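Participant: Using the numbering used here, read the sequence shown as starting at 11 and increasing by one per residue. Glycine included, each C-beta is placed from N, C-alpha and C at the ideal position. As the structure is a prediction and not an experimental result, all values here were calculated from the model.
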Amino acid sequence: MSTDESQSNQATGTGNSGCGFFSSETQLVSGSPKWAQKWQNFDNFLPLSENNIGTRECYSYRKKIFERHPHLENALKNHYLEIFHDKSLREANLFIGRIDKELIIHDLNLSNSEAEIKTFCENMSFRCRSTVIKYGENKTAYQICQGIAKKYSIDIDTFDSELPFIPTLNKLSCPKWWLKKINTLRKRHVEQVHRKLNLVHKNSACYASNFASAVRNTQLKNSYDYLNSNQITNEHGQSYTLLDIYNKSVSNPRIRKAELMTRIRGFEEVATEMGHAGEFYTLTSPSKMHAVLSSGKPNPKFDGSTPKEVNEYFNNNWKLIRSALQKKDIHPYGFRVVEPHHDATPHWHLLLFMLPQDIHKARKVFSKYALKEEGNERGAKQHRFKAISIDPKKGSAAGYIAKYISKNIAGDDITSDNYGNDSKIAASKIDAWSSLWGIRQFQQIGGPSVTVWRELRRLKGNTEPEISKAYNAADSGDWAAYVMAMGGAILPRRNRPIQPFYEEKPTEKIDINTGEISKSNLSYYGDIKPAFIVGLISKNTISRTRTMKWTKKMSPMTTYDPMFEGNNKELAGLLALDRRRGRSLSNEEEKSALGLV
11 MSTDESQSNQ
21 ATGTGNSGCG
31 FFSSETQLVS
41 GSPKWAQKWQ
51 NFDNFLPLSE
61 NNIGTRECYS
71 YRKKIFERHP
81 HLENALKNHY
91 LEIFHDKSLR
101 EANLFIGRID
111 KELIIHDLNL
121 SNSEAEIKTF
131 CENMSFRCRS
141 TVIKYGENKT
151 AYQICQGIAK
161 KYSIDIDTFD
171 SELPFIPTLN
181 KLSCPKWWLK
191 KINTLRKRHV
201 EQVHRKLNLV
211 HKNSACYASN
221 FASAVRNTQL
231 KNSYDYLNSN
241 QITNEHGQSY
251 TLLDIYNKSV
261 SNPRIRKAEL
271 MTRIRGFEEV
281 ATEMGHAGEF
291 YTLTSPSKMH
301 AVLSSGKPNP
311 KFDGSTPKEV
321 NEYFNNNWKL
331 IRSALQKKDI
341 HPYGFRVVEP
351 HHDATPHWHL
361 LLFMLPQDIH
371 KARKVFSKYA
381 LKEEGNERGA
391 KQHRFKAISI
401 DPKKGSAAGY
411 IAKYISKNIA
421 GDDITSDNYG
431 NDSKIAASKI
441 DAWSSLWGIR
451 QFQQIGGPSV
461 TVWRELRRLK
471 GNTEPEISKA
481 YNAADSGDWA
491 AYVMAMGGAI
501 LPRRNRPIQP
511 FYEEKPTEKI
521 DINTGEISKS
531 NLSYYGDIKP
541 AFIVGLISKN
551 TISRTRTMKW
561 TKKMSPMTTY
571 DPMFEGNNKE
581 LAGLLALDRR
591 RGRSLSNEEE
601 KSALGLV
């Protein structure tokens, strides 16, 4: 066979070895019956007659792949061996080749260190900045920079001379913008690889990998440091740390949970008063979108869908369902909760209230769209759409959904999740999951604006007759009374008596050369800043809720807990344990690694 023919066979995986175009390892994992003990070190290539794991090329390709992704080396080796024993050498090589391709985008290796990623982003921003300098701020520069971004799976809108395009060029020329985009890409690709390596499921790491948990924990620690290190001061001399503001806002998980439960109970009270029925629906995705079976074994039908893509599938279905319900004059209201299965695949829960005579038609609509894709597969009719009628004699609707709220926020009020995991660990993992994949966990369906509700609670002793009823309801925390004061549960928001009021707030800029002060409503990159909410408007009467002027005082971030670095190292060490030993993290180990104790 000629050299060209040999290279071709290696590239296509059609040679006798079946090793494909993939790479290999520096040290193979023990425990395989097809591995002679004296070859486990594998420092030197051994003839095929004595080594049943492939040819010299197979070893070389494996070694290169494992070296390119050192943080996943053990997991890759284990999975490689499992596929080799269960299927064939060719399938094992094909698998690690696909993983390698997923972690390398053009010439960017997502397994690189943070310093290498930062250098890459600086180089990309420099290329784009140089392009703009060379061609000017025009279509040519835009298209060249767009092409650079597209190579790394970063989508930029096509050039439109009628729309502002200079802000996009400014972003592409900024290393911080590149770093944010690449880091998001990196986290999601690496997490998806963990899912494909069967490292995210109830018998390993439920909901999110230990990698994702460590990333989120670092983010939360840094956010705490930032909030605790910076203050805001108003014209009256009042000063608060940003952490004080956070603790009193709905960003605080416990306050968010309390507000959610208040709104759910309020909707239930409205439904009781109006004679509406409560329904609890669960929507799950087609089996091909699940990475792992309920047994914990890899799903052979898995199509590679990410949790974000599965959630988009639900969102698209919801648009169709909502449109179909409106055509039938059905207007449900309530809440939606998105949570992960043990393998991180999302599913939806919906608590909806509607007229009793609309229930049958609503269920038919939901079932139709839930089964639209591969609806004839085994178990689809039993699992894709489940409907339960809320019986007030057996318990309240708020009580029915409370466990889902608790499970997804902080983990209070329950001891464990559906898989027996400690509730606080489960909540921490679910938080990491939603943050990493950009999934909104809770959403109100129908009803009046929660923004108006929150702004009303900022008013002090308002006596405007147009808003007095809604103000009194909001001030007393009575969501049901607020809903009725705002026109009921199903009135379109545009017809509500009170609307948020927004104004533009230009930023003052000082020219350091002339000292001249100018005002601008443009962002750092040149985008037009969105208008800020400043109050409420009702029948052309404006009630301002934000009258104070606050300035931020920056301070050095000195409160970062160095102990957290140790937690990260411990977590990395636990992750590196040989999965073939069957060892999983205990609750105590995981709590320690996540900083919960």
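Three Cβ pairs or more, each shorter than 8 Å: is that satisfied between the region 272-284 and the region 486-501?
Facilitator: Yes, they touch.
Participant: Where DSSP assigns a beta bridge to D432, which residues make up the other side?
Facilitator: On the sequence shown, residue 432 is found 422 positions in, with the first residue counted as 1. According to DSSP, D432 bridges with S426.
Participant: With a threshold of 8 Å on Cβ separation, who are the neighbours of T282 within its own chain once the five nearest residues in sequence on each side are excluded?
Facilitator: Translated into positions along the sequence shown, residue 282 becomes position 272. Cβ within range, chain order: P402.
Participant: What residues in its chain sit with their C-beta under 6 Å from that of K396, if we drop five residues either side in the sequence?
Facilitator: As a position in the sequence shown, residue 396 is number 386, starting the count at 1. Cβ within range, chain order: T292.
Participant: Are there 16 or more other CB atoms within 10 angstroms of the CB of I552, so buried, or fewer, so exposed?
Facilitator: For the purposes of this step, residue 552 is identified with residue 542 of the sequence shown, where counting begins at 1. Under this definition I552 is an exposed residue.
Participant: Exposed or buried, which one is G583 when buried takes at least 16 other CB atoms within 10 Å?
Facilitator: For the purposes of this step, residue 583 is taken as the residue at position 573 of the sequence shown. Low local confidence applies: a pLDDT of 39 at G583 is under 50, so the model's placement there is unreliable, with the coordinate-based value given in what follows. Note on G583: under 16 other CB atoms within 10 angstroms of its CB, so exposed under the neighbour-count rule.
Participant: Can you tell me which of the three DSSP states T9 falls into?
Facilitator: Residue 9 lies beyond the range of the chain shown here (11 to 607); nothing can be said about it.
Participant: Let me confirm a value: F376 is counted as buried when at least 16 other C-beta atoms fall within 10 Å, else exposed. Which label applies?
Facilitator: The residue labelled residue 376 in the question sits at position 366 within the sequence shown. Under a 10 Å Cβ-count criterion, F376 is classified as buried, with 16 or more other Cβ atoms of the shown protein chains found around its own Cβ.
Participant: Taking the C-alpha atoms as reference points, what is the distance between S163 and K128?
Facilitator: The residue given as residue 163 occupies position 153 in the sequence shown. The residue given as residue 128 occupies position 118 in the sequence shown. Whole-angstrom Cα-Cα distance: 17 Å.
Participant: Could you pull out every residue in the same chain whose Cβ sits closer than 7 Å to the Cβ of H559, ignoring the five residues on either side in sequence?
Facilitator: Within the sequence shown, numbered from 1, the residue matching residue 559 stands at position 549. A quick correction: the sequence has Lys, not His, at residue 559. Once the five neighbours on either side are set aside, the close Cβ partners of K559 are N244 and E245.
Participant: Exposed or buried, what is A215 when buried is set at 16 or more other beta-carbons lying within 10 Å of its beta-carbon?
Facilitator: One-based indexing of the sequence shown puts residue 215 at position 205. The residue in question, A215, is buried, as its Cβ has 16 or more Cβ neighbours within 10 Å.
Participant: With three or more beta-carbon pairs closer than 8 Å as the criterion, would you say the region 403-418 touches the region 433-442?
Facilitator: yes
Participant: So, at 8 Å on beta carbons, what are the nonlocal neighbours of R78 in its own chain, with the 5 sequence-adjacent residues on each side left out?
Facilitator: Within the sequence shown, residue 78 is the residue found at index 68, counting from 1. Cβ neighbours of R78 beyond the five flanking positions: S33, D110, L113, I114, N119 and S121.
Participant: Rounded to whole angstroms, how far is the Cβ of A159 from the Cβ of L189, which I believe are closer than 8 Å?
Facilitator: Counting from 1 along the sequence shown, the entry for residue 159 is found at position 149. Counting from 1 along the sequence shown, the entry for residue 189 is found at position 179. About 13 Å separates the two Cβ atoms, so there is no contact after all.
Participant: Heavy atom of the ligand HEM less than 7 Å from the Cβ of N326, yes or no?
Facilitator: As far as ligands go, the structure on display features none, and thus does not contain the ligand HEM.
Participant: Return the CA-CA distance between K144 and Y534, expressed in angstroms with no decimal places.
Facilitator: Residue numbering aside, residue 144 sits at position 134 when the sequence shown is read from its first letter. Residue numbering aside, residue 534 sits at position 524 when the sequence shown is read from its first letter. Spanning the two alpha carbons is a distance of roughly 23 Å.
Participant: Helix, strand or coil, according to DSSP, for L207 in the structure here?
Facilitator: The sequence position of residue 207 within the sequence shown is 197, counting from 1. DSSP places L207 in coil when its eight states are reduced to three.
Participant: Ends of the beta strand (DSSP E) at A287?
Facilitator: Here residue 287 refers to the residue found at position 277 when the sequence shown is read from its first residue. Counting along the chain, the beta strand (DSSP E) containing A287 begins and ends at A287 to L293.
Participant: Roughly how many whole angstroms lie between the Cα atoms of V348 and P356?
Facilitator: Here residue 348 refers to the residue found at position 338 when the sequence shown is read from its first residue. Here residue 356 refers to the residue found at position 346 when the sequence shown is read from its first residue. Spanning the two alpha carbons is a distance of roughly 6 Å.
Participant: Roughly how far, in whole angstroms, is the beta-carbon of F277 from the beta-carbon of Y343, given that I think they are within contact range, below 8 Å?
Facilitator: Here the question's residue 277 lines up with position 267 in the sequence shown. Here the question's residue 343 lines up with position 333 in the sequence shown. With a Cβ gap of about 6 Å, F277 and Y343 count as contacting.
Participant: Can you check DSSP and say which residues form a bridge with A397?
Facilitator: Counted from its first residue, the sequence shown places residue 397 at position 387. DSSP lists Y291 as partners of A397.
Participant: If the criterion is Cβ atoms closer than 8 Å, does the pair K563 and N240 meet it?
Facilitator: Taking the sequence shown and counting its residues from 1, one reaches residue 563 at position 553. Taking the sequence shown and counting its residues from 1, one reaches residue 240 at position 230. For K563 and N240, yes; Cβs fall inside 8 Å.
Participant: Whether or not the region 455-475 and the region 492-506 are in contact is what I'm after, with contact meaning three or more pairs of Cβ atoms, one per stretch, closer than 8 Å; do they touch?
Facilitator: yes
Participant: Hey, would you say E124 sits closer than 8 Å to P185, going by beta carbons?
Facilitator: As a first step, residue 124 must be located in the sequence shown, where it is residue number 114. As a first step, residue 185 must be located in the sequence shown, where it is residue number 175. Result no, Cβ atoms of E124 and P185 do not sit closer than 8 Å.
Participant: Suppose only complete runs of 4+ residues qualify. What are the alpha helix (DSSP H) ranges in the region 203-278, listed by chain order?
Facilitator: 220-239 and 252-257
Participant: Does the region 364-382 touch the region 317-332, meaning 3 or more C-beta pairs lie closer than 8 Å?
Facilitator: yes
Participant: What does a CB cutoff of less than 8 Å around I176 pick up in its chain, not counting 5 residues either side in sequence?
Facilitator: Stepping through the sequence shown from its first residue, residue 176 is reached at position 166. Result list for I176: E147 and G536, in chain order.
Participant: For R139, which residues in the same chain have their Cβ closer than 6 Å to its Cβ, ignoring the five residues on either side in sequence?
Facilitator: Mapped onto the sequence shown, residue 139 falls at position 129. Cβ within range, chain order: S183.
Participant: E355 bridges to which residues according to DSSP?
Facilitator: One-based indexing of the sequence shown puts residue 355 at position 345. For the sequence presented, residue 355 should be read as Thr rather than Glu. Partner(s): none; T355 has no beta bridge.
Participant: On a CA-only basis, which of N482, K515, N550 and T150 is nearest Q509? Give me that one, please.
Facilitator: Start at 1 with the first residue of the sequence shown, and residue 509 comes out as number 499. The shortest C-alpha separation from Q509 is found at N550.
Participant: With distance defined between alpha-carbon atoms, name the residue in E387, Q336 and Q392 nearest to D6.
Facilitator: The structure shown does not extend to residue 6, since the chain is modelled only from 11 to 607, so the question has no answer here.
Participant: Contact defined as beta carbons within less than 8 Å: I believe H286 pairs with L365. What is the distance between those atoms, to the nearest angstrom?
Facilitator: For this step, residue 286 is matched to residue 276 along the sequence shown. For this step, residue 365 is matched to residue 355 along the sequence shown. With 8 Å as the limit, H286 and L365 qualify as a contact, their Cβ atoms being about 6 Å apart.
Participant: Work out the CA separation of D432 and T425 for me, nearest whole Å.
Facilitator: For the purposes of this step, residue 425 is identified with residue 415 of the sequence shown, where counting begins at 1. For the purposes of this step, residue 432 is identified with residue 422 of the sequence shown, where counting begins at 1. Spanning the two alpha carbons is a distance of roughly 6 Å.
Participant: Ends of the alpha helix (DSSP H) at G409?
Facilitator: Position 399 of the sequence shown, counted from the first residue, corresponds to residue 409. It spans A407 to N418 - the alpha helix (DSSP H) in which G409 sits, taken as one unbroken run.
Participant: Can you tell me whether DSSP reads S392 as helix, strand or coil?
Facilitator: Locating residue 392 in the sequence shown gives position 382, where the first residue counts as 1. It should be noted that the sequence gives Gln, not Ser, for residue 392. Q392 falls in the helix class under three-state DSSP.
Participant: Does N418 get closer than 8 Å to chain B when you measure Cβ to Cβ?
Facilitator: The structure shown contains no chain B, having only a single protein chain.
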